[in-house]
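Residue 1440 is where the sequence shown starts when you use our numbering, and the numbers rise one by one after that. All remarks here apply to the structure that follows.
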Amino acid sequence: MRHVRTLTAFLIIPQLLLPAHVTRDGNSWTLTSNVTECRFVLTERNTFEMDSIRLPIIGEAWTAGALPSSPVRFAADGVRIDASTPLRLITENVERLDRNNGVRLNLEFDELRGGLRLLVSLELYDDRQVLRSSVRVKNVTGTARVIEMADMLPWALVESGPGPRLMRVNQWSVLPPARNFEVSRTPLENGQPVTLQSGAGQPECTWLATRAENGRGLFAGWEFDGRVRATVRYDSDSRQLNLAAEISDLHHPLNPGDEFQIPPAFLGVYRGDWDEPGFRTQRFVEDVLAKPSPDKTRFPYVVWDSWGYGEDIDERLLRRNAEIAARIGVELFIVDLGWARDIGDWREDPSKFPSGLRNLSDYVHSLGMKFGLHVAPADVAADSEVAALHPDWLATETFEYFGAKPLCLSHKPAQQWIVNQVLGVIDRYGVDWILQDGEHMIKRCTRSGHTHDPLDSNYSNSMDGLNQVLDQVQRARPGVSWENCANGGSMMTFNMVKYYVTSITNDASGALSSRQAAYGATFPFPPRYTDRYMPEQATDAYTTRSYMFGGPWIFMNRLVEAVPEELEWAASEIAAFKTIRGVTRDGKVYHLTGAPADRRTDAIESYSADTDSAVAVVTRENAANSVFPLRLAGLAPGRTYRVHFQDDRRVLHMTGEQLARTGVPVYFDTGRDAEIVYAEPDSMFTSETRTSASRH
Ligand SMILES: [Zn+2]
């Protein structure tokens, strides 16, 4: 497919064949990649504005409308700096970026209202229909200033097609109202803003997509873990979409010489179905933002986690589970909460590990598995030594995590202690994987005397708190992978993906709930960021396949209690997972049905353009009908595919068109049942397909 596209580009637009680059023409700059073109202008009024973002090959264009569009929108001491503020250009330079032939244009301005200096950075990447932007503010005045508002997504663009809707995806929450990655598509009414609230512990993921009736749309994501209020407002006269994503409760003092980073965000354009903005986002995230997978061929891992026993664990029990886990194909063995003396005292409990936790870790390694440990780095038990010695390190937030109190991550002495604790755990116990947990990671803290402003904890606990902890530990121990968890997937952000190789979605709540979470989370996030905890002790096809699609598959069952047939079943299902994980990690996700629900059959597919093959997991959840016509998406209509199943012995030869239109019947034995369906190009029919394709 890519060869065809490049050839088209060569014939029509030679510019697009060059690596991503920037051209300057008078007071305008054009960033060009092989698929995207984005133009900015320094106007006659000395304002800096976006002129357009285009996909020249398919002829898509979004342009500035009645309201100007600029990457700059923030406020300092009551003065707004935005698309209407006159700027003076100081310097400019262009950087080449390693990932995906990226290019970054840096423009340094003095703003002429409040005397601040701005560094605007704009990025474009080959193959990605996305503009990434960020702004850094420097106080070059002689007096202290306070940043009170910052917008990561200050875009206003025309034109949307008619009848646009806004897609939002929930995070996970156990606190009422319970949330589990529900997807909503809200009509955008003229002048009525629709709001999202994202960040740690908030309702929604840091992502949105719009789509009009003609399939035109925008998508956007922001790279910040703290609380954000984002809005989308549609003006039906001009068909303009106005976006915003403002950091909540911002009060950031900026002393002379200091800099303030507005977190980056990305904006994409597309035309297609509702799976398209998700796919475009996911490929951008994998190429540009995300922590690379720890293992190209074996990731997402098959995992065993000790939480099936709660905190009732010891070395004898864990050794027996490890031995069985290795035998059935588990690749990563995690000891969950309960191994340490206390929360905040991260040394092994000697009564549970008389021969030492390192001994267990060595045994796990000797079985060929990686060794993971649960740590709640930002929490300390109320009666722990550290809480007694440093009561002033606690955040003012009142929640408790298993009775423990939260530390303030942006108070430097507490932060340094946390970093040292985690480094100690990694080194003492030979840790390959940190399962990070806690109530949530961005603490509210209004304590005076901390090394952050008491009114700025949302920003400071994210940018100067959690990010600093992760930066320091990961720089010192780059070989250790981190899993994001905070009592479930409640910090689903595009900052999170930079530090963690996966994230929990929902928290061991059963088969249906797990599929619902993976369904919703795989709109914004690459599938590897949807790991799933399987708490069921007894397993069957319905159960195991409810955990089959997505990131790491985490068994939480008590393996030593399983009978041989159950272990045999687990081993064969693990083998199936290993054959499909490459396609689900890198392919395009098609949500073939609505979200999984009782009395329905749900189907989710991943399609790999590289191999032109598809895999789908189809699950009957007490639906009346025992046959489901599975219509596969993404396949070439004129090509013949070999269709086969995990259980069903049928092997069919069907064209892409037949598979998309009439579909392939999937048969179920019981009310709750599941099947895996594979479609690969049929080598017997390949030459014929080529002939017929060349005739058209
Ligand atoms: Zn604090």
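Every residue, glycine too, gets a C-beta built ideally from N, C-alpha and C. Since we're looking at a predicted model, the values are computed, not measured.
Does the distance from the C-beta atom of residue i to that of residue j stay below 8 Å?
| i | j | result |
| --- | --- | --- |
| residue 1972 | residue 2019 | no |
| residue 1901 | residue 1612 | no |
| residue 1923 | residue 1946 | no |
| residue 1492 | residue 1570 | yes |
| residue 1472 | residue 1459 | yes |
| residue 1863 | residue 1840 | no |
| residue 1723 | residue 1711 | no |
| residue 1592 | residue 1669 | yes |
| residue 1595 | residue 1661 | no |
| residue 1484 | residue 1525 | yes |
| residue 1574 | residue 1559 | yes |
| residue 1954 | residue 1830 | no |
| residue 1674 | residue 1630 | yes |
| residue 2016 | residue 1645 | no |
| residue 1687 | residue 1897 | yes |
| residue 2076 | residue 2104 | no |
| residue 1891 | residue 1849 | yes |
| residue 2059 | residue 2040 | yes |
| residue 1520 | residue 1689 | no |
| residue 2082 | residue 2074 | no |
| residue 1783 | residue 1825 | yes |
| residue 1773 | residue 1856 | no |
| residue 1803 | residue 1992 | no |
Pull up the distance between the alpha-carbon of residue i and that of residue j, whole angstroms please.
| i | j | result |
| --- | --- | --- |
| residue 1535 | residue 1726 | 15 Å |
| residue 1808 | residue 1780 | 25 Å |
| residue 1752 | residue 1981 | 29 Å |
| residue 2117 | residue 2029 | 14 Å |
| residue 1853 | residue 1597 | 48 Å |
| residue 1565 | residue 1503 | 23 Å |
| residue 2000 | residue 1828 | 43 Å |
| residue 1481 | residue 1464 | 11 Å |
| residue 2120 | residue 1965 | 25 Å |
| residue 1996 | residue 1974 | 6 Å |
| residue 2048 | residue 1948 | 33 Å |
| residue 1709 | residue 1554 | 38 Å |
| residue 2013 | residue 1994 | 10 Å |
| residue 1470 | residue 1499 | 16 Å |
| residue 1681 | residue 1626 | 15 Å |
| residue 1588 | residue 1522 | 15 Å |
| residue 1893 | residue 1527 | 34 Å |
| residue 1834 | residue 1885 | 8 Å |
| residue 1610 | residue 1643 | 5 Å |
| residue 2098 | residue 2055 | 12 Å |
| residue 1694 | residue 1556 | 13 Å |
| residue 1507 | residue 1678 | 14 Å |
Is it right to say residue i is buried, meaning 16 or more other beta carbons lie within 10 angstroms of its own, or is it exposed?
| i | result |
| --- | --- |
| residue 2113 | buried |
| residue 2050 | exposed |
| residue 1952 | buried |
| residue 2101 | exposed |
| residue 1977 | exposed |
| residue 1920 | buried |
| residue 1963 | buried |
| residue 1888 | exposed |
| residue 2123 | exposed |
| residue 1865 | buried |
| residue 2043 | buried |
| residue 1764 | buried |
| residue 2109 | exposed |
| residue 1579 | exposed |
| residue 1395 | Beyond the ends of the chain as shown, which are 1440 and 2135, falls residue 1395; an answer cannot be given. |
| residue 1581 | exposed |
| residue 1517 | exposed |
| residue 1989 | buried |
Would the C-beta of residue i count as close to ligand 2, meaning under 7 Å from any of its heavy atoms?
| i | result |
| --- | --- |
| residue 1834 | Ligand 2 is not part of this structure, which contains only ligand 1. |
Count the C-beta pairs between the segment 1605-1619 and the segment 1730-1748 that are closer than 8 Å, then say yes if the count reaches three, no if not.
Using a C-beta cut-off of 8 Å, the segment 1605-1619 makes no contact with the segment 1730-1748, since fewer than three inter-stretch Cβ pairs fall below that distance.
Completely contained beta strand (DSSP E) runs for the segment 1863-1924, where each covers 3 or more residues
Those beta strand (DSSP E) runs which fall completely within the segment 1863-1924 and span 3+ residues are 1872-1875 and 1920-1923.
So does the segment 1706-1722 actually touch the segment 1746-1761, counting three or more Cβ pairs closer than 8 Å?
No: the two stretches stay apart, fewer than three of their Cβ pairs being nearer than 8 Å.
What ranges does the alpha helix (DSSP H) occupy inside the segment 1799-1871, keeping only unbroken runs of at least 4 residues that lie completely in it?
Correct list: 1824-1828 and 1851-1868.
Those runs of the alpha helix (DSSP H) which lie wholly inside the segment 1931-2000 and span at least 4 residues:
Here the runs fully enclosed are 1935-1938, 1950-1960 and 1980-1984.
I'd like the ranges of any beta strand (DSSP E) spanning at least 3 consecutive residues and lying wholly in the segment 1486-1537.
Along the length of the segment 1486-1537, whole beta strand (DSSP E) runs at least 3 residues long occupy 1487-1494, 1499-1502, 1513-1515, 1518-1520 and 1526-1536, reported in chain order.
Cβ contact check for the segment 1794-1803 and the segment 1903-1922: 3 or more pairs under 8 Å
Touching, no, given that fewer than three Cβ pairs across the two stretches are closer than 8 Å.
At what residue ranges does the segment 2020-2093 contain a whole run of the beta strand (DSSP E), taking only runs of 3 or more?
Listed in chain order, they are 2027-2030, 2039-2047, 2052-2060, 2066-2069 and 2079-2084.
Could you give the uninterrupted runs of the beta strand (DSSP E) lying entirely in the segment 1602-1671, keeping only those of 3 residues or more?
Qualifying beta strand (DSSP E) stretches, in chain order: 1604-1608, 1622-1626, 1633-1637, 1646-1650 and 1655-1661.
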